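**Student:** Here the sequence shown is numbered in our numbering, starting from 171 and rising by one per residue.
Take a look at the following structure, please.
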Amino acid sequence: MTPEILIPAQTPLAQIERIYRQELPAVLHPSAAKGIASAAAQIAKAAAGDIAVYGVNTGFGKLASLKIAPQDTAKLQENLILSHCCGVGDPMPRNITRLMMVLKLLSLGRGASGVRPEIVTLIEAMLARGVTPVIPAQGSVGASGDLAPLAHMTATMIGHGEAEFGGKVLPGAEALKVAGLIPVTLGPKEGLALINGTQFSTAYALAGLFDGWRAAQSALVTSALSTDAIMGSTAPLHADIHALRGQPGQIEAAAFMRDLLEGSVIRESHREGDTRVQDPYCIRCQPQVTGAAMDVLRMAARTLEIEANAATDNPLVLSDGLIVSGGNFHAEPVGFAADMIALALSEIGAIAQRRVALMVDPVLSFDLPAFLTPRPGLNSGLMIAEVTTAALMSENKHIAMPCVTDSTPTSANQEDHVSMAAHGARRLGRMVKNLNAILGVEAICAAQGVDFRAPLATSAPLQKVVACLRAQVATLGDDRYLAPDLAAAAQLIASGDLARAAAIPLPTL
């Protein structure tokens, strides 16, 4: 498999997403080699000198005032890694672990970390040959870097810990050996360079962003289908309304929904003589809500694109050769971005759930049968599917609360303000999964509602969406075991297949 070429400081989100989704190998562009070698030479020089340089010939954190003898610098780095392997919980998903490794390559490629080229080469080779460290997902507070998870990554590189290779979990040294790789012996500062940094938090945040954006795209499609199912008005999608406000996501969402609904016979059937004056907000304000969420996701995307290309360890070797301690390892930008993504995901789900509730309620659905079953009473139809969406919506609201504000001092008060970006980013996967399930139920309800409008037909794009769903989920007649249908619909959302079925260009990050 041909590796992706990473240009440090210039790698775009589209390339990063491709690597994440396809688990592609990656290597740094040859232009990065000079800066990496130059910084490594500066670190080697400092390690041989008498002046104390943090992390090169000193202890770490609260122990930074303790000088380390030159002959002990390699042992210092090994001890750092082993002592910091304190992660707990379930292992990271493989695709996110590989993404984290790619982000570490990008950071080292900036030529400010001081690692030798062989460190970069080993990470590249592990990606190419499929050696994936087994990393417990809990234990980072997002400053001073994602220490515990990155230590577990580095442990594999030095022949410790565990790694997955060929579908098996092996001791780290064995995994490297079977893959034809040799563990490295860490030089001065190299352990610190590998575990300082925000790559764990950023990888999870990017995964949440990429998968959350797919959900946002799908929400535009399911919401348009819901609009036709309840015979909602398209007047609130008029371009001039949204231009007068000027919010870009809102404008784009309304335009996309207009394209989706263009040519709907259902819509044309009630332009005149409809006694309803206005639809509920979950129909009328879809562009304002989902469009605003799209804007928030795009703001988070810009932050994460910058962070993905950043040098975030400590100390850093500057362009003039100085080795300076700073705080780029503090993941506050990632924490804010993760909180923004969480809020957007929660709101997309909240308004989608109200559309589900609208469709199953015969008082509000404009003559659809109760709970969208052809024989209510004997059958409960989609009654409890709606209840499930309410549970998931509430769960997402709860876990969308900001994490970045919840700092606590660590490391004997040396690290006295931390970002909590790690679990702020980790929760996004759970939120996206919940949102996909909500939108899957909405798709089932909306398709059922459109079926009840026959012989009136929805638009051509939305007919393709219904056909995509019907290939996996049959029209509901009498009650049946629904759990597999909900799972299938959620997977159509997660894969993006349902949104793509409309065959209209989707909004992009």
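Each residue gets a CB set at the ideal place from its N, CA and C atoms; glycine is no exception.
Nothing here was measured: the structure is a model prediction, and the numbers come from that model.
1. I need the boundaries of the beta strand (DSSP E) containing L562, first residue and last residue.
2. Taking DSSP as the reference, what is the three-state secondary structure of F335?
3. Answer yes or no: do I328 and P319 have a C-beta to C-beta separation smaller than 8 Å?
4. Please report the Cβ distance between Y190 and A377, rounded to the nearest whole angstrom; I am assuming they are in contact, meaning their Cβ atoms lie under 8 Å.
5. Rank R623, I251, A595 and T172 by C-alpha distance to the C-alpha of L379 and give the top, closest one.
6. Can you give me the C-alpha to C-alpha distance between N549 and E556, rounded to a whole angstrom?
7. First and last residue of the beta strand (DSSP E) that includes E288?
8. Which residue spans inside the region 191-256 form an unbroken alpha helix (DSSP H) run of at least 4?
9. If the criterion is Cβ atoms closer than 8 Å, does the pair A522 and I421 meet it?
10. Who are the Cβ neighbours of A672 in its own chain at under 8 Å, not counting the five residues just before and after it?
11. Check whether the Cβ atoms of D490 and S277 lie closer than 8 Å to each other.
12. Taking 8 Å as the cut-off, decide whether the C-beta atoms of P322 and P341 are in contact.
13. Does the separation of the CB atoms of A669 and Q387 fall below 8 Å?
14. Please determine, among L246, D621 and T355, the residue with the shortest C-alpha to C-alpha distance to L538.
15. Going by the beta-carbon positions, is the gap between K359 and G284 smaller than 8 Å?
16. In whole angstroms, what is the alpha-carbon distance linking A480 and Q241?
17. Taking 8 Å as the threshold (C-beta atoms), are R384 and G599 in contact?
18. Which value, in whole angstroms, describes the spacing of the CA atoms of L639 and E193?
19. Per DSSP, what kind of secondary structure is T575 in: helix, strand or coil?
20. Which word fits G367, buried or exposed, when buried means at least 16 other C-beta atoms lie within 10 angstroms of its C-beta?
21. Can you check which of these residues, A211, I365 and R437, is closest to F499 by C-alpha distance?
22. Using the Cβ count rule (16 or more neighbours within 10 Å means buried), how would you classify T404?
23. Write down every uninterrupted run of the alpha helix (DSSP H) in the region 494-548 whose length is 4 residues or greater and which is fully enclosed by it, in chain order.
24. Taking Q456 as part of the alpha helix (DSSP H), name the residues at either end of that continuous run.
25. So what's Q387 in DSSP terms, helix, strand or just coil?
26. Which residue or residues does DSSP assign as beta-bridge partners of L176?
27. Suppose you measure from the CA of G505 to the CA of I177; what does that come to, to the nearest Å?
28. Restricting to Cα atoms, I'd like to know which of S564, H587 and L562 is closest to V574.
29. Give the straight-line distance between the Cα atoms of A617 and V258, rounded to the nearest whole angstrom.
30. Could you tell me the distance, in whole angstroms, from the CA atom of A423 to the CA atom of G225?
31. Only counting the same chain, and skipping five residues up and downstream in sequence, which positions put a Cβ closer than 6 Å to that of I140?
32. To the nearest whole angstrom, what separates the beta carbons of A520 and M563, a pair I think is in contact under 8 Å?
33. Rounded to whole angstroms, what's the CA-CA distance from I411 to Q448? Just pull it up for me.
34. Short of 6 Å in beta carbon distance, which residues of its chain neighbour A345, apart from the five on each side in sequence? Order them along the chain.
35. Determine, using beta carbons only, whether L275 and I293 come nearer to each other than 8 Å.
36. How long is the line joining the alpha carbons of C615 and P544, rounded to whole angstroms?
**Tutor:** To lay it out plainly:
1. For the purposes of this step, residue 562 is taken as residue 392 along the sequence shown, with counting starting at 1. Judged by DSSP secondary structure, L562 falls outside any beta strand (DSSP E) and instead within the alpha helix (DSSP H) spanning M553 to I569.
2. In the sequence shown, the residue the question calls residue 335 occupies position 165. DSSP places F335 within a strand segment (E or B) once states are collapsed to three.
3. Within the sequence shown, the letter at position 158 stands for residue 328. Within the sequence shown, the letter at position 149 stands for residue 319. P319 is positioned such that its CB atom lies no closer than 8 Å to that of I328.
4. Taking the first residue of the sequence shown as position 1, residue 190 is located at position 20. Taking the first residue of the sequence shown as position 1, residue 377 is located at position 207. About 6 Å; that satisfies the 8 Å criterion.
5. Residue numbering aside, residue 379 sits at position 209 when the sequence shown is read from its first letter. Checked all of R623, I251, A595 and T172; the closest Cα to L379 is A595.
6. If you number the sequence shown from 1, residue 549 lands on position 379. If you number the sequence shown from 1, residue 556 lands on position 386. For N549 and E556, the distance between alpha carbons rounds to 15 Å.
7. Looking up residue 288 in the sequence shown gives position 118. Boundaries around E288 are those of the alpha helix (DSSP H), P287 to R299, since no beta strand (DSSP E) includes it.
8. List check, alpha helix (DSSP H) in window: 203-218 and 243-254.
9. To locate residue 522, count along the sequence shown from 1; it is residue 352. To locate residue 421, count along the sequence shown from 1; it is residue 251. Annotated as distal: A522 and I421, with beta-carbon spacing of 8 Å or more.
10. Counted from its first residue, the sequence shown places residue 672 at position 502. Annotation for A672: V391, L430, P631, L632, K634 and V635 place their beta carbon closer than 8 Å to its own, counting only its chain and skipping 5 residues before and after.
11. Translated into the one-based positions of the sequence shown, residue 490 becomes position 320. Translated into the one-based positions of the sequence shown, residue 277 becomes position 107. Against a cut-off of 8 Å, the Cβ pair of S277 and D490 comes out as no contact.
12. Walking along the sequence shown from the start, residue 322 turns up at place 152. Walking along the sequence shown from the start, residue 341 turns up at place 171. Pro is not the amino acid found at residue 322; the sequence shown has His there. For the pair H322 and P341, the CB atoms are not nearer than the 8 Å cut-off.
13. For this step, residue 669 is matched to residue 499 along the sequence shown. For this step, residue 387 is matched to residue 217 along the sequence shown. The answer is yes: Cβ separation under 8 Å.
14. Within the sequence shown, numbered from 1, the residue matching residue 538 stands at position 368. The option with the nearest alpha carbon to L538 is D621.
15. Here the question's residue 359 lines up with position 189 in the sequence shown. Here the question's residue 284 lines up with position 114 in the sequence shown. Yes.
16. Along the sequence shown, one-based indexing puts residue 480 at 310. Along the sequence shown, one-based indexing puts residue 241 at 71. Straight-line Cα distance between these residues: approximately 32 Å.
17. As a first step, residue 599 is located in the sequence shown; it is residue number 429 there, counting from the start. As a first step, residue 384 is located in the sequence shown; it is residue number 214 there, counting from the start. No, Cβ-Cβ distance for G599 and R384 is not below 8 Å.
18. For the purposes of this step, residue 639 is identified with residue 469 of the sequence shown, where counting begins at 1. For the purposes of this step, residue 193 is identified with residue 23 of the sequence shown, where counting begins at 1. So the alpha carbons of these two residues sit roughly 28 Å apart.
19. As a position in the sequence shown, residue 575 is number 405, starting the count at 1. It is coil, neither helix nor strand.
20. Taking the sequence shown and counting its residues from 1, the one referred to as residue 367 is at position 197. So G367 counts as buried.
21. Within the sequence shown, residue 499 is the residue found at index 329, counting from 1. Nearest C-alpha to F499: I365.
22. Counted from its first residue, the sequence shown places residue 404 at position 234. With 16 or more other Cβ atoms within 10 Å, it is buried.
23. Secondary structure remark: continuous alpha helix (DSSP H) runs of at least 4 residues inside the region 494-548, in chain order: 502-530.
24. As a position in the sequence shown, residue 456 is number 286, starting the count at 1. Run containing Q456: Q456 to A478, per the alpha helix (DSSP H) assignment.
25. Start at 1 with the first residue of the sequence shown, and residue 387 comes out as number 217. In this structure, Q387 counts as helix in the three-state DSSP scheme.
26. Counted from its first residue, the sequence shown places residue 176 at position 6. DSSP output for L176 lists L198 as bridge partner(s).
27. Counting from 1 along the sequence shown, the entry for residue 505 is found at position 335. Counting from 1 along the sequence shown, the entry for residue 177 is found at position 7. C-alpha separation (whole angstroms): 25 Å.
28. Position 404 of the sequence shown, counting from 1, holds the residue named residue 574. For V574, the nearest C-alpha among the options comes from H587.
29. Sequence index remark: in the sequence shown, residue 617 carries index 447 (1-based). Sequence index remark: in the sequence shown, residue 258 carries index 88 (1-based). Taken atom to atom, the span from the alpha-carbon of A617 to that of V258 is near 43 Å.
30. Position 253 of the sequence shown holds residue 423. Position 55 of the sequence shown holds residue 225. Taking C-alpha positions only, A423 is separated from G225 by approximately 50 Å.
31. The shown model of the chain, from 171 to 679, leaves out residue 140, and the question about it has no answer.
32. By 1-based counting over the sequence shown, the position of residue 520 is 350. By 1-based counting over the sequence shown, the position of residue 563 is 393. Right, the Cβ-Cβ distance comes to about 6 Å (below 8 Å), so this counts as a contact.
33. By 1-based counting over the sequence shown, the position of residue 411 is 241. By 1-based counting over the sequence shown, the position of residue 448 is 278. Spanning the two alpha carbons is a distance of roughly 15 Å.
34. For the purposes of this step, residue 345 is identified with residue 175 of the sequence shown, where counting begins at 1. In its chain, beyond the 5 residues on either side, V301, A333 and F335 have a beta carbon closer than 6 Å to the beta carbon of A345.
35. Working through the sequence shown from its first residue, we reach residue 275 at position 105. Working through the sequence shown from its first residue, we reach residue 293 at position 123. For L275 and I293, yes; Cβs fall inside 8 Å.
36. Working through the sequence shown from its first residue, we reach residue 615 at position 445. Working through the sequence shown from its first residue, we reach residue 544 at position 374. Linking C615 to P544 through their CA atoms gives a straight-line distance of about 13 Å.
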